[in-house]
Amino acid sequence: MKNSNQITLAVMLFLLLFNYNYAQDRTDMFFATMQTQDANGLKSSHPEDIKIINSKNGYSAVLLSHDAAEELHHKVLVHGPGFIYESSQQAALKSIENVNMKSYNKQSSRYSITQDNLVRRCIDLVDNLNIATQIQELEDYGTRYHTTSSARRAVLDLKTKWESLAAGRSDVSIRIVNHQSTNMPSLIMTIEGTEKPDEFVIIGGHIDSTARGNTTTNAPGADDNASGISTITEAARVLFSVDFKPKRTMEFMAFAAEEVGLRGSKEIAEDYKARNVNVVSYMQLDMTNYKGSVNDVYISTDSYNDDALNNFLIQLMDYYNASGVHKITYGTSSCNYGCSDHYSWAQQGYDVAFPFEASFRESNPNIHTTRDTFDRSPTPNATHSAKFAKLALEYLIEIGNGVSSTGGGNQCASTVSVFPYQEGFEGSINLWSQSTSDDLNWTVDSNGTPSNGTGPASAIEGSSYIYVEASGNGSGFPNKRAIITSPCLDLTSASQATLSFKYHMVGNAIGSLSVEVSTDNGNSWTNVFSKTGAQGNNWQTATINLASYIGNIAQVRFNTVTGNSWQGDVAIDEVEVFETSGGNTDICDGVSPYNSSVNYQPGDRVTFQGSLYERTANNNWNRIGACGSTLSTTLAKKLTNDDALIDFYPNPVDQATVTITVNNGLWKSGMIMILDIKGNIIKEVKLEKQSTQINVSEFASGTYFLTFFEGSNSYTKQMIKK
20 MKNSNQITLA VMLFLLLFNY NYAQDRTDMF FATMQTQDAN GLKSSHPEDI
70 KIINSKNGYS AVLLSHDAAE ELHHKVLVHG PGFIYESSQQ AALKSIENVN
120 MKSYNKQSSR YSITQDNLVR RCIDLVDNLN IATQIQELED YGTRYHTTSS
170 ARRAVLDLKT KWESLAAGRS DVSIRIVNHQ STNMPSLIMT IEGTEKPDEF
220 VIIGGHIDST ARGNTTTNAP GADDNASGIS TITEAARVLF SVDFKPKRTM
270 EFMAFAAEEV GLRGSKEIAE DYKARNVNVV SYMQLDMTNY KGSVNDVYIS
320 TDSYNDDALN NFLIQLMDYY NASGVHKITY GTSSCNYGCS DHYSWAQQGY
370 DVAFPFEASF RESNPNIHTT RDTFDRSPTP NATHSAKFAK LALEYLIEIG
420 NGVSSTGGGN QCASTVSVFP YQEGFEGSIN LWSQSTSDDL NWTVDSNGTP
470 SNGTGPASAI EGSSYIYVEA SGNGSGFPNK RAIITSPCLD LTSASQATLS
520 FKYHMVGNAI GSLSVEVSTD NGNSWTNVFS KTGAQGNNWQ TATINLASYI
570 GNIAQVRFNT VTGNSWQGDV AIDEVEVFET SGGNTDICDG VSPYNSSVNY
620 QPGDRVTFQG SLYERTANNN WNRIGACGST LSTTLAKKLT NDDALIDFYP
670 NPVDQATVTI TVNNGLWKSG MIMILDIKGN IIKEVKLEKQ STQINVSEFA
720 SGTYFLTFFE GSNSYTKQMI KK
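For what it's worth, the numbering used here labels the leading residue of the sequence shown as 20, then goes sequentially.
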């Protein structure tokens with residue numbers, strides 16, 4: 020009996036020891052979660068390096084070796100590690116249970132543009148050379164791989180740099196955060212809010228680096244992600260230089276060990292959630308200095324990113340970066356599971372956004388190698404990163420100070436509901452209002468302006484007009500803004516509406532003129548017209564179709580920015596809103612409709628369903644913006660027998676593919692284009708046969724529009740993706 024008990028005990032100890040050794044003593048293996056398709060791929064190619072514990076909802080809990088993780092990181096995916104490090108098997112299983120539930124827990128926030136003067140002052144102060152210098156400093160550590168002493172030293176040195184930026188500020192604290200899953204620490208700098216200190220606005224990026232086969236000796240990580248950390252540091256420098264004190268608490272974060280499963284950000288985000296920290300928004304900067312695509316900034320549209328925050332970043336760029344020295348062009352792109360540190364915050368239910376240096380397929384090809392060095396940047400002196408520093412400042416200031424539910428809007432003091440409405444500014448600005456957040460006022464004038472060589476000689480209608488006087492170095496120029504806003508225009512009962520006005524822009528230093536429309540009491544504005552530089556010594560006429568604003572109460576404003584000298588007066592006269600169709604638009608005027616029979620090249624532009632698109636280098640379409648005319652209702656001719664032309668199933672779509680059938684011979688020269696509800700072209704498919712299967716597995720849930728083209732003719736049906 021004694022021997023039997025001893026044998027049983029020995030067997031139990033052996034099994035326990037075997038299981039423990041398999042799960043924990045193999046130092047090259049750890050628990051993680053990833054997409055099931057990637058787990059299966061690794062299982063096929065590296066069967067000894069991955070154990071799939073369980074799979075659910077398209078995600079798997081796995082036991083993963085470092086070799087397999089590196090393979091996933093470098094070959095399978097677009098960006099990021101592609102897996103999330105988990106501390107235990109139980110944690111991994113819990114994560115795949117909850118991964119699809121996070122989106123339902125997300126907070127809903129409202130964002131408004133209210134900080135015009137401060138933002139413009141700050142983006143003027145961005146210095147790309149500061150970013151360039153810091154990128155090279157971080158590169159000079161040789162490696163910042165999370166297990167190395169140089170990684171820890173890089174974090175401690177960054178702490179010293181941030182402390183010097185915040186010197187003398189009692190409202191600023193900087194702290195090291197140590198982790199359970201890595202010896203590398205993270206860094207957090209906090210500026211306490213003056214009005215709502217319990218609401219947090221956060222920007223972050225990872226400071227570690229990796230290079231396949233050289234992680235501990237030569238992983239320079241100049242773009243990935245010295246560029247993001249340097250961009251964040253420059254944004255902080257600018258804010259401290261103007262003694263900015265946000266109304267909401269603001270935090271800057273540099274995370275450890277992103278390259279090995281988002282370890283630092285995951286622990287911090289989980290801690291914030293456990294302590295019920297109210298994070299209003301989080302923005303990630305991971306790779307900012309490699310301009311690999313036609314546009315400057317690409318907003319990540321993966322399902323875990325917040326649509327409202329993404330749209331607000333686009334709104335910011337439309338408002339602050341549409342033209343001039345601060346111009347930023349933008350597009351959208353999708354990444355993957357565990358793309359970067361913002362995923363950690365999204366998994367805790369926080370609103371996140373991730374603006375990126377290029378489309379993910381066209382981003383820096385040198386990352387995760389010894390070739391990721393600053394001298395391989397396609398643009399000199401970190402000028403590309405500087406654009407992200409400006410966007411970061413816009414994000415931080417507008418959300419950091421935007422604590423009022425009414426924002427900075429213009430409540431209607433008067434409303435016009437009878438049309439045509441005409442305003443010639445005879446003797447006064449009448450129902451119009453001057454902005455209190457700009458630099459200059461519009462002035463009523465007759466005859467010529469005081470400065471020679473600029474301004475009109477007389478009004479185009481009546482005896483008066485309004486203009487902006489650009490004289491006075493430091494007071495009238497450079498880059499001084501003047502905004503004047505219309506009364507509210509009640510278009511709720513209108514069937515058609517057009518804005519017409521006369522403008523005059525002559526002089527050697529003309530800046531810019533924009534016309535913007537708001538339907539939310541001035542909380543947000545959409546640009547519908549813009550001119551830059553001299554337009555000749557005559558009054559010019561502009562007509563803008565307001566069809567997009569029918570059914571709303573709208574406001575119109577003229578927004579001008581002076582040039583670099585005193586000869587930059589801009590004038591407006593004979594403003595009219597009337598209920599007939601008409602008008603044209605700068606961006607779509609003269610551009611042909613999309614035609615499926617044309618072989619479009621990168622840079623070609625087309626109009627489609629009321630928007631302007633440009634062909635990109637990777638044969639996708641980038642939406643430039645909305646047309647402002649009746650083009651949206653006339654640019655595509657319908658096909659004959661539309662109702663029976665195409666069928667597709669299932670609809671709603673609850674599977675990976677949708678089957679489309681064209682019920683006549685037009686498929687032989689046809690094309691299918693799928694757009695999301697925002698007008699972005701998601702997929703373009705050349706038809707090869709009458710019935711075609713299209714993979715929609717990567718589409719987020721929502722409404723899409725499926726359009727069949729034959730030449731310039733088109734037919735559209737709505738598709739619902741579950």
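All residues carry an ideal CB built from backbone N, CA and C; glycine is no exception. Fair warning: this is a prediction, and the values are worked out from it, not measured in the lab.
Taking all protein chains shown into account, decide if residue i is buried (16 or more other Cβ within 10 angstroms of its Cβ) or exposed.
i, result
"residue 240", "buried"
"residue 261", "exposed"
"residue 294", "exposed"
"residue 502", "buried"
"residue 466", "exposed"
"residue 172", "exposed"
"residue 612", "buried"
"residue 66", "exposed"
"residue 568", "buried"
"residue 143", "exposed"
"residue 506", "buried"
"residue 668", "exposed"
"residue 458", "buried"
"residue 147", "buried"
"residue 476", "exposed"
Give me the Cα-Cα distance between residue i and residue j, rounded to the nearest whole angstrom.
i, j, result
"residue 54", "residue 78", "4 Å"
"residue 666", "residue 680", "5 Å"
"residue 48", "residue 88", "9 Å"
"residue 306", "residue 272", "15 Å"
"residue 204", "residue 195", "6 Å"
"residue 373", "residue 322", "12 Å"
"residue 583", "residue 159", "39 Å"
"residue 460", "residue 331", "28 Å"
"residue 73", "residue 110", "12 Å"
"residue 451", "residue 523", "19 Å"
"residue 555", "residue 402", "33 Å"
"residue 623", "residue 617", "11 Å"
"residue 485", "residue 445", "9 Å"
"residue 385", "residue 434", "57 Å"
Quick one, which of the options has its alpha-carbon nearest residue i's?
i, options, result
"residue 222", "213, 302, 86 and 233", "302"
"residue 515", "490, 565, 339 and 545", "565"
"residue 319", "242, 376, 198 and 544", "376"
"residue 363", "216, 703 and 277", "277"
"residue 248", "237, 269, 225 and 270", "225"
"residue 674", "76, 181, 437 and 702", "76"
"residue 517", "727, 191 and 440", "440"
"residue 132", "100, 420 and 623", "420"
"residue 164", "74, 234 and 596", "234"
"residue 410", "484, 370, 457 and 329", "329"
"residue 202", "227, 214, 217 and 147", "227"
"residue 162", "237, 184 and 141", "237"
"residue 100", "355, 477, 174 and 337", "355"
"residue 462", "495, 275 and 670", "495"
"residue 155", "619, 245 and 112", "245"
"residue 359", "383, 310, 304 and 690", "304"
Spatial neighbours of residue i within its chain, please: CB distance less than 7 Å, with the 5 preceding and 5 following residues excluded, ordered by chain position.
i, result
"residue 388", "230 and 231"
"residue 70", "81 and 82"
"residue 534", "547, 548, 563, 575 and 577"
"residue 179", "none"
For residue i, which residues in the same chain have their Cβ closer than 6 Å to its Cβ, ignoring the five residues on either side in sequence?
i, result
"residue 315", "347, 348 and 406"
"residue 413", "138, 335 and 339"
"residue 312", "377, 378 and 381"
"residue 212", "265, 266, 267 and 268"
"residue 551", "342 and 531"
Within 8 Å (strictly less), CB to CB, does residue i reach chain C?
i, result
"residue 456", "As a matter of chain content, chain C is missing from the structure shown, which is built from one protein chain."
What distance in whole Å lies between the Cβ atoms of residue j and residue i, which are believed to be in contact at a cut-off of 8 Å?
i, j, result
"residue 581", "residue 530", "5 Å"
"residue 598", "residue 480", "At roughly 20 Å, the Cβ-Cβ gap does not stay under 8 Å, so residue 598 and residue 480 are not in contact."
"residue 280", "residue 103", "5 Å"
"residue 250", "residue 408", "5 Å"
"residue 474", "residue 588", "4 Å"
"residue 489", "residue 528", "7 Å"
Starting from the C-beta of residue i, find all residues in its chain whose C-beta is less than 8 Å away, skip the five residues before and the five after it, and write them out in chain order.
i, result
"residue 787", "The question about residue 787 has no answer here: the residues shown for the chain are numbered 20 through 741."
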